[in-house]
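There are 2 protein chains.
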Amino acid sequence: MARRRLTQEERKKETRQLLLESAVETFAQLGFHGASVDKIAEYAGFSKGAVYAHFNSKEDLFLAILEQQMLLHVENIHQVIDQQHSLSHFIETMDEYFLSVRQENRTWSMLNMEFLLYAMREESVRHKWSTMITESVEQISKAIEKLMSKENHDSTLSTNEMAWTILSLENGLAIFYYISQDRVPLHLYGKALQNMLLSPR
Amino acid sequence: MARRRLTQEERKKETRQLLLESAVETFAQLGFHGASVDKIAEYAGFSKGAVYAHFNSKEDLFLAILEQQMLLHVENIHQVIDQQHSLSHFIETMDEYFLSVRQENRTWSMLNMEFLLYAMREESVRHKWSTMITESVEQISKAIEKLMSKENHDSTLSTNEMAWTILSLENGLAIFYYISQDRVPLHLYGKALQNMLLSPR
DNA sequence: GTCTATAAAGCGATAGAC
DNA sequence: GTCTATCGCTTTATAGAC
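Quick mapping for you: the protein sequence lines, in order, are chains U and R.
Letter by letter, the first sequence follows residues 1 to 201 of this note's numbering.
Letter by letter, the second sequence follows residues 1001 to 1201 of this note's numbering.
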């Protein structure tokens, strides 16, 4: 009986995950309003009823993805930051990460924009998002500070200002990259970071 | 009779303008899908019928605003660029322009994001937008080149890359500014531009 | 837990009166 | 040109069968 319950729980969890993955894809492709619960369910191979068995509402489902995505992003930042030995290495990693996300996975890029717009409008989400961003900024700021102290660099920007600029540039470039893919210079993110973090000699 | 027709035409134009202004506000506040034709008409003091007397569809209305906004943006860039005497003056003007738009007029900031998301999804709009951006980039690039030749600066970035970075940063910072208004350093846009365009001495 | 059927509401767009 | 009334469709969410 214990075994049977486990199997059922596993199946439940799997369905939930399938629905989440479908929601990611559908929300990204059609936007929050364009993606109906029907379409999300259908894409996952279920009917609407299954969705409402796992989530209270369409918004609840959207917020579940948002939460998942937030944690992932913070984790990625941790991972990137902890493994850096030099500023140039840091820049290289950021540039690679940026390119891989944008090129290979336009879904996340789209969804990121959808979240941003949603966060702009919903006070509670905005607050959560703001907290997460501020944390990321602090982490990046500290990492830069550590790396810069090793190599004697100076700049007109504080490390905090640098961190805000780095994340802003990431989002801003992602938008243009999406709209005018072939016209935006490749590796511009990395080059711009170089220009900002490594003073020309 | 000629006079009577003129009055009617003027009234028609005025109504159209009122509808456009209402649409700007409503689309910004609620997004493309959230803003119903009913709400837009009501906010302007008319009924739905009036909207459909002036525009073929909701999308048509949205695109009319987009077009208007595009022209305005290009014009603003022209104006800013033509009046610059030095790089530092250029940076100052851009920073002021950025702050005034973001602080005084969150409506345009919101609408800009709405347009961007729309452009990401609609091929025809994306193409138009892409063309406009590329033109802006070229203009800014040329202006920077002119200003830099006066003052002997060198950089690891080409003027074209600088221009893309400037506009990307503007959009990226605008997003964060909207989400975490009080935490983003004031005048960061200007400082970041300084750091990029004026090599530290 | 997942299905089908349906309720209740909102949407874009049109028709016809004025 | 602007209004009211309405059509036709889609949506979110719920109820009940299995």
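Even glycine gets a Cβ: it sits at the ideal position worked out from N, Cα and C.
Model, not experiment: these values are computed from the prediction.
For residue i, which residues from the same chain have a beta carbon less than 8 Å from its beta carbon, with the 5 sequence-adjacent residues on both sides left out?
i        : result
Q1084(R) : F1090, T1093, A1143, L1147
Y1118(R) : F1032, F1062, L1066, V1125
E25(U)   : Y43, T107
T165(U)  : L157, M196
D182(U)  : none
E1161(R) : none
S88(U)   : Q194, L198
L1111(R) : V1024, F1027, A1028, I1065, Q1069
V1137(R) : N1160, A1163, W1164, L1167
N1056(R) : none
I1077(R) : S1136, Q1139, I1140
L1030(R) : K1039
S100(U)  : none
What is the C-beta distance between residue i and residue j, in whole angstroms, given that I count them as a contact (C-beta under 8 Å)?
i        : j        : result
V80(U)   : E135(U)  : Their Cβ separation, rounded to whole angstroms, is 14 Å, which puts V80(U) and E135(U) out of contact at 8 Å.
G1193(R) : D1095(R) : Checking the sequence, you will find Leu at residue 1193(R) rather than Gly. Contact holds; Cβ gap of about 7 Å.
R16(U)   : H54(U)   : 5 Å
Y178(U)  : S109(U)  : 6 Å
S1168(R) : I133(U)  : Contact flag wrong, Cβ pair sits at about 17 Å.
S1141(R) : A1163(R) : 4 Å
N1171(R) : G172(U)  : 4 Å
A1174(R) : R1102(R) : 6 Å
Kindly list the residues whose CB is nearer than 6 Å to the CB of residue i, restricted to its own chain and excluding five residues on each side of it in sequence; keep chain order.
i        : result
S47(U)   : A41
F115(U)  : L66
D1038(R) : K1048
S1022(R) : I1040, Y1043, A1044
R1121(R) : none
F1176(R) : V1184
E145(U)  : T159
K1013(R) : none
S36(U)   : none
K58(U)   : V37
D60(U)   : none
M1(U)    : Summary for M1(U): the model assigns pLDDT 49, below 50, so the residue's position carries little reliability, and this model does not support an answer.
Residues in its own chain within less than 7 Å of residue i by CB, not counting five upstream and five downstream?
i       : result
W129(U) : A119
Mind listing which residues of the stretch 105–122 of chain U have their C-beta closer than 8 Å to chain R's C-betas, in chain order?
From the stretch 105–122 of chain U, only M110, M113, E114, L116, L117, A119, M120, R121 have a Cβ closer than 8 Å to chain R.
Within 8 Å of chain U by C-beta, residues of the stretch 1033–1047 of chain R in sequence order:
Within the stretch 1033–1047 of chain R, contact with chain U at the beta-carbon level (separation under 8 Å) is assigned to H1033, G1034.
Could you tell me whether the stretch 1156–1164 of chain R touches the stretch 148–158 of chain U, using the rule of 3 or more Cβ pairs below 8 Å?
Short answer: they don't touch.
Using a Cβ-Cβ cut-off of less than 8 Å, give me the residues of the stretch 1165–1197 of chain R that come near chain U, in sequence order.
Under the 8 Å Cβ criterion, the stretch 1165–1197 of chain R contributes T1165, L1167, S1168, L1169, E1170, N1171, G1172, L1173, I1175, F1176, Y1178, I1179, S1180, R1183, V1184, P1185, L1188, K1191, A1192, Q1194, N1195, M1196.
Chain U contacts from the stretch 1147–1162 of chain R (Cβ-Cβ distance under 9 Å):
Residues passing the 9 Å Cβ filter: D1154, S1155, T1156, L1157, S1158, N1160, E1161, M1162.
Three or more C-beta pairs under 8 Å: does that hold for the stretch 1008–1018 of chain R against the stretch 176–189 of chain U?
They do not touch, by the three-pair rule.
Please name the residues in the stretch 1125–1146 of chain R whose beta-carbon is closer than 7 Å to at least one beta-carbon of chain U, in chain order.
Here the close residues are R1126, W1129, S1130, I1133, T1134.
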